[in-house]
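Input: a single structure, listed below in structure tokens.
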Amino acid sequence: VLLMIAGTMIIVYYFIDSRMPNLLADILLGKSGNVMWVTILMSLFAGIISAFIDNVATVLMVAPVGMAICKKLNMKPTAMILSIAVSSNLQGAATLVGDTTSIILGDYANMNFMNFFWMNGRPGIFFAVELGALATIPVMMFLFRKDTAPVSSTDRTVVSNYMPTVMLLLMVAALIIASFIPDAPSMINGIICCSLAAAAILIDYIREKKTQNAIAAIKNLDFETLGLLTGLFIVIGGLTNVGIIDDFANLIVTFGGNNIFLLYTIVVWGSVLISAFVDNIPYVATMLPVLTAVTAALGMEPYLLYFGLLSGATLGGNITPIGASANITAVGMLRKEGYQVSFTEFMRIGLPYTLVAVMAGYLYFWYIWA
Numbered sequence: 120v121l122l123m124i125a126g127t128m129i130i131v132y133y134f135i136d137s138r139m140p141n142l143l144a145d146i147l148l149g150k151s152g153n154v155m156w157v158t159i160l161m162s163l164f165a166g167i168i169s170a171f172i173d174n175v176a177t178v179l180m181v182a183p184v185g186m187a188i189c190k191k192l193n194m195k196p197t198a199m200i201l202s203i204a205v206s207s208n209l210q211g212a213a214t215l216v217g218d219t220t221s222i223i224l225g226d227y228a229n230m231n232f233m234n235f236f237w238m239n240g241r242p243g244i245f246f247a248v249e250l251g252a253l254a255t256i257p258v259m260m261f262l263f264r265k266d267t268a269p270v271s272s273t274d275r276t277v278v279s280n281y282m283p284t285v286m287l288l289l290m291v292a293a294l295i296i297a298s299f300i301p302d303a304p305s306m307i308n309g310i311i312c313c314s315l316a317a318a319a320i321l322i323d324y325i326r327e328k329k330t331q332n333a334i335a336a337i338k339n340l341d342f343e344t345l346g347l348l349t350g351l352f353i354v355i356g357g358l359t360n361v362g363i364i365d366d367f368a369n370l371i372v373t374f375g376g377n378n379i380f381l382l383y384t385i386v387v388w389g390s391v392l393i394s395a396f397v398d399n400i401p402y403v404a405t406m407l408p409v410l411t412a413v414t415a416a417l418g419m420e421p422y423l424l425y426f427g428l429l430s431g432a433t434l435g436g437n438i439t440p441i442g443a444s445a446n447i448t449a450v451g452m453l454r455k456e457g458y459q460v461s462f463t464e465f466m467r468i469g470l471p472y473t474l475v476a477v478m479a480g481y482l483y484f485w486y487i488w489a
């Protein structure tokens, strides 16, 4: 897990530096009819990228483009930047590599890249996330219904280096191929990502004949998150060994009884509420062994509760500006530009977006996996 995250972060650094996201955003701007659709398309664009790249990295890539568009159109950037952040959080759960919580679930449940699309003969998490994303389009159309000023653009950003884009595509392809390898080593995903990251550093050094980019890429690693996960895995292992996780599971079983629908509902909407104020990474890492014990006690497969947990925890962070790292990053970028974002202003976008997306996934998972 740690190798996978670190390798992806390095490749993303080069991807941002190549300005490829800016070119893609220019193309989207040229396809938009008015300000409302610019905001919606930028949000969906961020979501597509976030399905394969860390949420914070997605915001760091796409939000500056959104800022530039807003300046060009002489409009307040708050709505667009916040939409980019909440969409990034939603789509992070779509694939194995989209978010740290997805990586944790994949590692814990021994799920490969393709299992997020199709698992045990049934549609996977990916389709629930996309259903939620489609359900949020009418919400955004209503929220931004007054932004009808026409827009157009013929600008095209010049991409400085296509190598990072190729590396990202290779990473996704390699992870897909690895998912089909029987009895693959548990570290194969980490080895793939780190190998491609090392290749990106080497190719850049050969091309530029200097080490500044390599040093910057390594410095850009989110050591705080990597350290948090390292300590977290140790703590969760300790809690499991001393039986605390099992005790917590018994409480949930007692509260939910033998009613699986009630238990599922508690997991999904409880996760939404908790993740609005608590970092979802330690929450998901803590709850996975709890749900494993709960489902074992009830004699059922754990996937319904696993997927409900991931959906609720990922989207719950969209309710408040402190609920997810991507939100904090987006609000910080707006603050630097002179725009203060209050709790209520954030919740005006985040709350309806979350409720609609979670409800879509909630119904989907119950229908497919119950």
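First residue of the sequence shown? That's 120 in this note's numbering, and the numbers climb one at a time after it. Here a beta-carbon is modelled for each residue, glycine too, at the ideal position from N, C-alpha and C. If you're wondering where the values come from, they're calculated on a predicted model, not measured in any experiment.
- Rounded to the nearest whole angstrom, the C-alpha separation of GLY436 and LEU474 is 12 Å.
- Runs of the alpha helix (DSSP H) spanning 4 or more residues and lying entirely within the stretch 133-159 occur at 139-150, in chain order.
- Counting along the chain, the unbroken alpha helix (DSSP H) around GLU249 starts and ends at 244-262.
- Contact between the stretch 224-239 and the stretch 419-437 is present: three or more C-beta pairs spanning the two stretches fall below 8 Å.
- One Cα belongs to LEU407, the other to GLY149, and the distance between them is close to 44 Å.
- Within the same chain, and ignoring the five residues on either side of THR255 in sequence, the residues whose Cβ sits closer than 6 Å to its Cβ are TYR472, VAL475, ALA476.
- For the beta strand (DSSP E) assignment, the stretch 387-455 encloses no uninterrupted run of at least 3 residues.
- C-alpha of LYS195 to C-alpha of CYS189: approximately 6 Å in a straight line.
- Using a Cβ distance threshold of 7 Å, ALA170 and GLY243 do not count as a contacting pair.
- By the C-beta density criterion, ILE300 is exposed, having fewer than 16 other C-beta atoms within 10 angstroms.
- In this structure, the beta-carbon distance from MET478 to LEU340 does not fall below 7 Å.
- Partner residues in the beta bridge of TRP237, as assigned by DSSP, are PRO242.
- If you draw a 10 Å sphere on the C-beta of THR220, you find 16 or more other C-beta atoms in it, and that means buried.
- Annotation: MET161 to GLY185 spans about 7 Å, alpha carbon to alpha carbon.
- In this structure CYS312 does not touch MET282 by the C-beta definition: roughly 16 Å separates them, more than the 8 Å allowed.
- The beta carbon of ASN446 sits closer than 6 Å to those of ALA204, PRO440, all from its chain and outside the five residues before and after it, given in chain order.
- When the alpha-carbon of VAL248 is set against those of LEU429, ARG241, THR267, GLY357, the nearest one is in LEU429.
- About 20 Å separates the CB atoms of LEU417 and ILE363; that is not less than 8 Å, and the two are not in contact.
- When ASN141, ASN193, ASN153, LEU358 are compared, the shortest CA-CA separation from ALA182 is found for ASN141.
- Going by C-alpha positions, PRO304 is about 17 Å away from ASN234.
- Within the DSSP bridge table, the entry for PRO269 names ASN153 as partners.
- Beyond the five residues adjoining it in sequence on each side, ILE135 comes within less than 7 Å, by CB distance, of LEU179, MET180 in the same chain, given in chain order.
- Rounded to the nearest whole angstrom, the C-alpha separation of ARG264 and ARG275 is 28 Å.
- LEU209 and GLY166 do touch by the CB rule: their CB atoms are close to 6 Å apart, below 8 Å.
- Boundaries of the alpha helix (DSSP H) around LEU294: 282-297.
- Excluding sequence positions up to five before and after PHE462, its CB lies within less than 8 Å of the CB of THR439, PRO440, all in the same chain and listed in chain order.
- In this structure, the alpha-carbon of MET199 lies about 19 Å from that of ASP173.
- TYR486 is the residue among ALA404, TYR486, ASN308, ILE334 whose C-alpha sits nearest the C-alpha of TYR383.
- Taking every protein chain shown into account, the CB of MET230 has 16 or more other CB atoms within 10 angstroms, so this residue is buried.
- ALA213 is positioned such that its CB atom lies closer than 7 Å to that of PHE245.
- Taking THR284 as the centre and dropping the five residues before and after it, the same chain places the C-beta of MET139 closer than 6 Å to its C-beta, in chain order.
- Taking all protein chains in view, the Cβ of THR330 is surrounded by fewer than 16 other Cβ atoms within 10 Å, so the residue is classified as exposed.
- THR344 and LEU381 have their C-alpha atoms spaced approximately 34 Å apart.
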